[in-house]
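As numbered in our numbering, residues 20 to 417 make up the sequence shown, in order. Take a look at the structure set out below.
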Amino acid sequence: MRHIYVVGTADTKGEELAFLADVIANAGGAVVRVDIGTRSAAVPVDIPASEVAAHHPRGAGAVLGIDDRGAAVAGMGAAFANFIRSRDDVAGVIGIGGGGGTSIITAGMRALPLGLPKIMVSTLASGDTAPYVDVSDIIMMPSVTDMAGLNRLSRVVLHNAAQAIAGMAAKPAPAAAGKPALGLTMFGVTTPCVTAIVDRLRADYDCMVFHATGTGGRSMEKLADSGLLAGVLDITTTEVCDLLFGGVLPATEDRFGAIARTKLPYVGSVGALDMVNFWAPPTIPEKYRGRLFYEHNPNVTLMRTTADECRKIGEWIGGRLARCDGPVRFLIPEKGVSALDIEGGAFFDPEADTALFEAIERTIKPNRNRTVTRLPLHINEPAFATAAAEAFLDIANK
20 MRHIYVVGTA DTKGEELAFL ADVIANAGGA VVRVDIGTRS AAVPVDIPAS
70 EVAAHHPRGA GAVLGIDDRG AAVAGMGAAF ANFIRSRDDV AGVIGIGGGG
120 GTSIITAGMR ALPLGLPKIM VSTLASGDTA PYVDVSDIIM MPSVTDMAGL
170 NRLSRVVLHN AAQAIAGMAA KPAPAAAGKP ALGLTMFGVT TPCVTAIVDR
220 LRADYDCMVF HATGTGGRSM EKLADSGLLA GVLDITTTEV CDLLFGGVLP
270 ATEDRFGAIA RTKLPYVGSV GALDMVNFWA PPTIPEKYRG RLFYEHNPNV
320 TLMRTTADEC RKIGEWIGGR LARCDGPVRF LIPEKGVSAL DIEGGAFFDP
370 EADTALFEAI ERTIKPNRNR TVTRLPLHIN EPAFATAAAE AFLDIANK
């Protein structure tokens with residue numbers, strides 16, 4: 020039997036937790052009540068906080084019985100993420116909380132696959148929810164009033180949330196039918212390449228293109244970790260530039276982590292590694308004054324990466340991909356990596372490109388499964404898109 024996990028701090032939100040669980044049970048849902056509080060529970064629960072805390076990498080002592088509330092909240096968040104990942108009977112998760120509870124519960128929700136129902140009833144849901152949702156599919160529902168005991172409004176809000184999670188758990192979305200899905204990364208300056216790849220593969224694959232803006236790459240890798248992709252064509256790896264050099268559209272340190280974990284068929288390239296993204300010119304850090312810039316639009320300014328920066332970018336990417344044991348094909352377009360990096364273009368710099376290419380070749384550690392191929396083409400030439408599509412089909416069909 021699969022269960023709906025009802026999660027909250029049973030020491031301070033016990034009345035609301037019990038009410039929510041009862042409404043779900045009355046709607047036909049099988050409920051598991053989980054306490055993430057740091058003091059004694061005020062209502063009966065099925066999973067005590069001590070059991071959740073024991074899933075912290077350093078044990079329950081790293082979570083419970085410490086005086087630093089911030090550290091306790093962070094520790095319980097890490098513990099709850101490990102706890103909920105370990106369960107194999109989750110039909111959905113619903114949480115209630117203020118600042119601390121929301122932080123803890125959404126840390127666990129973000130660890131769950133996309134598509135699994137997740138509702139967070141929170142006092143913070145009407146503000147900036149990005150730190151809590153990130154690239155997950157968490158539904159944030161405002162509690163409107165604080166959760167300090169039930170009242171006529173909170174009963175309605177919690178009732179609606181309970182009915183929503185019960186309905187989603189009872190009627191899960193059918194498994195996707197038809198063509199397997201692919202993830203592709205694109206920027207404006209690599210659009211011709213990625214569009215051509217999609218045209219070549221769309222007859223056999225459901226092609227999902229992600230804008231390489233930091234969240235785009237993370238969203239794609241979240242889908243990979245959730246088992247929803249059959250492969251990746253990571254043509255535009257530009258988010259690494261912003262991560263390493265302070266741009267506004269950065270990847271995280273886990274970029275390419277999903278590729279290593281899932282061993283999905285992967286074709287990568289160096290799309291838009293010639294640029295770091297900043298907002299309007301006044302926002303550019305002082306240390307970069309005097310560099311080569313290109314105004315993409317009034318609100319976005321691009322900075323050309325130098326040979327030394329390109330070397331570091333190549334080493335970072337190569338080092339991450341060297342950890343991948345699945346089939347990896349990395350293609351290098353020798354005549355330029357973006358629409359700006361072309362002979363006569365604003366960012367054309369063969370020296371910087373050479374440093375980038377050599378660093379990748381040196382650090383990716385080619386083997387039977389992992390290869391690097393240079394092509395005497397620009398990234399946006401049709402022949403390069405054809406080569407990328409054919410490389411994917413070759414490893415996908417093995």
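Yeah, the Cβ is synthetic: ideal placement off N, Cα and C, and Gly gets one too.
_One question on the structure: do L394 and L350 come within less than 8 Å of each other, judged by their Cβ atoms?_
By one-based count along the sequence shown, residue 394 stands at place 375. By one-based count along the sequence shown, residue 350 stands at place 331. In contact: L394 and L350 (Cβ atoms closer than 8 Å).
_Quick test of the definition: if touching needs 3 or more C-beta pairs under 8 Å, does the stretch 328 to 343 touch the stretch 375 to 386?_
Touching, yes.
_Quick check on this structure: which residue in G276, L247, I157 and T214 has the alpha carbon closest to the alpha carbon of A402?_
On the sequence shown, residue 402 is found 383 positions in, with the first residue counted as 1. Minimum Cα distance to A402 is reached at T214.
_G47 to T209 span [Cα, whole Å]_ = Residue 47 sits at position 28 when you count from the first residue of the sequence shown. Residue 209 sits at position 190 when you count from the first residue of the sequence shown. Rounded to the nearest angstrom, the two C-alpha atoms are 50 Å apart.
*asked:* Going by C-alpha to C-alpha distance, which of I103, L375 and V140 sits closest to M294?
replied: In the sequence shown, counting from the first residue as 1, residue 294 sits at position 275. Per the Cα distances, L375.
*Excluding the 5 residues preceding and the 5 following F367 in the sequence, name in chain order all residues of the same chain whose CB lies nearer than 8 Å to its CB.*
One-based indexing of the sequence shown puts residue 367 at position 348. Leaving aside the five residues that flank F367 on each side, the residues in its chain whose CB is nearer than 8 Å to its CB run, in chain order, G355, L359, D360 and I361.
*Supposed contact pair I414 and I346 - C-beta distance, whole angstroms, cut 8 Å*: As a working mapping, residue 346 is identified with position 327 in the sequence shown. As a working mapping, residue 414 is identified with position 395 in the sequence shown. In the sequence as displayed, the identity of residue 346 is Pro instead of Ile. With a contact defined as Cβ atoms closer than 8 Å, P346 and I414 qualify at about 4 Å.
*Would you please state the rounded distance, in angstroms, between the beta carbons of D65 and V51? I believe it to be under 8 Å.*
Residue mapping note: residue 65 aligns to position 46 of the sequence shown, counting from 1. Residue mapping note: residue 51 aligns to position 32 of the sequence shown, counting from 1. That belief holds up - the Cβ atoms of D65 and V51 are roughly 5 Å apart, short of 8 Å.
*Secondary structure at N388, three-state DSSP: helix, strand or coil?*
Within the sequence shown, numbered from 1, the residue matching residue 388 stands at position 369. In the three-state reduction of the DSSP assignment, N388 falls in the coil class, being assigned neither a helical nor a strand state.
*Could you give the C-beta distance for A133 and L247, rounded to a whole number, given that I count them as a contact under 8 Å?*
Residue numbering aside, residue 133 sits at position 114 when the sequence shown is read from its first letter. Residue numbering aside, residue 247 sits at position 228 when the sequence shown is read from its first letter. Correcting the residue identity first, residue 133 is Leu in this sequence and not Ala. With a Cβ gap of about 6 Å, L133 and L247 count as contacting.
*asked:* Here's the rule: buried if 16 or more other CB atoms are within 10 angstroms of the residue's CB, otherwise exposed. What is I23?
replied: Locating residue 23 in the sequence shown gives position 4, where the first residue counts as 1. I23 is buried by the Cβ-count criterion.
*Figure out for me which residue from H75, I43, G27 and A408 has the closest Cα to the Cα of G118.*
By 1-based counting over the sequence shown, the position of residue 118 is 99. Minimum Cα distance to G118 is reached at G27.
*Buried or exposed by the 16-neighbour rule on C-beta atoms within 10 Å, applied to D223*: Residue 223 sits at position 204 when you count from the first residue of the sequence shown. Exposed: under 16 other Cβ atoms inside 10 Å.
_I need the boundaries of the beta strand (DSSP E) containing T204, first residue and last residue._
Here residue 204 is taken as the residue at index 185 of the sequence shown, counted from 1. Counting along the chain, the beta strand (DSSP E) containing T204 begins and ends at A200 to M205.
*Give, in chain order, every unbroken run of the beta strand (DSSP E) that is at least 3 residues long and sits entirely within the stretch 73 to 129.*
List check, beta strand (DSSP E) in window: 109 to 116.
_How far does the alpha helix (DSSP H) with P352 in it extend, from its first residue to its last?_
For this step, residue 352 is matched to residue 333 along the sequence shown. Segment V347 to P352 is the beta strand (DSSP E) holding P352; no alpha helix (DSSP H) there.
_Can you look up D261 in the DSSP assignment and give me helix, strand or coil?_
Position 242 of the sequence shown, counted from the start, is the residue given in the question as residue 261. D261 falls in the helix class under three-state DSSP.
*Continuous alpha helix (DSSP H) stretch holding R171: start and end*: Locating residue 171 in the sequence shown gives position 152, where the first residue counts as 1. Per DSSP, R171 belongs to the alpha helix (DSSP H) from R171 to A189.
*Label M20 either buried or exposed according to how many other C-beta atoms from any shown protein chain fall within 10 Å of its C-beta, with 16 as the threshold for buried.*
Within the sequence shown, residue 20 is the residue found at index 1, counting from 1. So M20 counts as exposed.
*Just confirm the distance between the C-beta atoms of I216 and G290, as a whole number of angstroms; I'd bet it's less than 8 Å.*
Here the question's residue 216 lines up with position 197 in the sequence shown. Here the question's residue 290 lines up with position 271 in the sequence shown. The beta-carbon separation of I216 and G290, rounded to 11 Å, does not stay under the 8 Å limit for a contact.
_One question on the structure: do A61 and D30 come within less than 8 Å of each other, judged by their Cβ atoms?_
To locate residue 61, count along the sequence shown from 1; it is residue 42. To locate residue 30, count along the sequence shown from 1; it is residue 11. Yes, they are a contact pair.
*Just the Cα atoms here: how many angstroms apart are A72 and I103?*
Mapped onto the sequence shown, residue 72 falls at position 53. Mapped onto the sequence shown, residue 103 falls at position 84. C-alpha separation (whole angstroms): 12 Å.
*At what residue ranges does the stretch 228 to 279 contain a whole run of the beta strand (DSSP E), taking only runs of 3 or more?*
Fully enclosed beta strand (DSSP E) runs of 3 or longer: 250 to 253.
*Please list, in chain order, all residues of the same chain as D238 whose beta carbon is under 7 Å from its beta carbon, the five residues on each side excluded.*
On the sequence shown, residue 238 is found 219 positions in, with the first residue counted as 1. Inspection of the sequence shows that residue 238 is occupied by Ser rather than by Asp. These residues qualify, in order along the chain: V154 and F229.
*Should S141 and T164 be called a contact, given that it needs their Cβ atoms to be closer than 8 Å?*
The residue you call residue 141 lines up with position 122 of the sequence shown. The residue you call residue 164 lines up with position 145 of the sequence shown. Taking a C-beta distance under 8 Å as the contact criterion, S141 and T164 do not qualify as a contact pair.
*asked:* So for R52, helix, strand or coil by DSSP?
replied: Along the sequence shown, read from residue 1 onward, the residue named residue 52 stands at position 33. In the three-state reduction of the DSSP assignment, R52 falls in the strand class.
_My output table needs one value for C226: the three-state DSSP class, helix, strand or coil._
What you label residue 226 is simply residue 207 of the sequence shown in a count that begins at 1. Strand.
*Proximity of V152 and S162 at Cβ, strictly below 8 Å*: Here residue 152 corresponds to residue number 133 of the sequence shown, with the count starting at 1. Here residue 162 corresponds to residue number 143 of the sequence shown, with the count starting at 1. Not closer than 8 Å, so no.
*asked:* Using the Cβ count rule (16 or more neighbours within 10 Å means buried), how would you classify A410?
replied: Working through the sequence shown from its first residue, we reach residue 410 at position 391. Buried, because 16 or more other Cβ atoms sit within 10 Å of the Cβ of A410.
_Would V251 and L220 be called neighbours here (beta carbons separated by less than 8 Å)?_
The residue you call residue 251 lines up with position 232 of the sequence shown. The residue you call residue 220 lines up with position 201 of the sequence shown. In this structure, V251 sits away from L220, with a CB-CB distance that is not shorter than 8 Å.
*Can you tell me whether DSSP reads K137 as helix, strand or coil?*
Taking the first residue of the sequence shown as 1, we reach residue 137 at position 118. In the structure shown, K137 sits in a strand (DSSP, three-state: E or B).
*Roughly how many angstroms separate the alpha carbons of E70 and A79, rounded to a whole number?*
For the purposes of this step, residue 70 is identified with residue 51 of the sequence shown, where counting begins at 1. For the purposes of this step, residue 79 is identified with residue 60 of the sequence shown, where counting begins at 1. Inter-residue distance for E70 and A79 is about 8 Å (C-alpha atoms, whole angstroms).
*Just curious, the alpha helix (DSSP H) that L340 is in, first and last residue?*
On the sequence shown, residue 340 is found 321 positions in, with the first residue counted as 1. Note, L340: alpha helix (DSSP H), A326 to L340.
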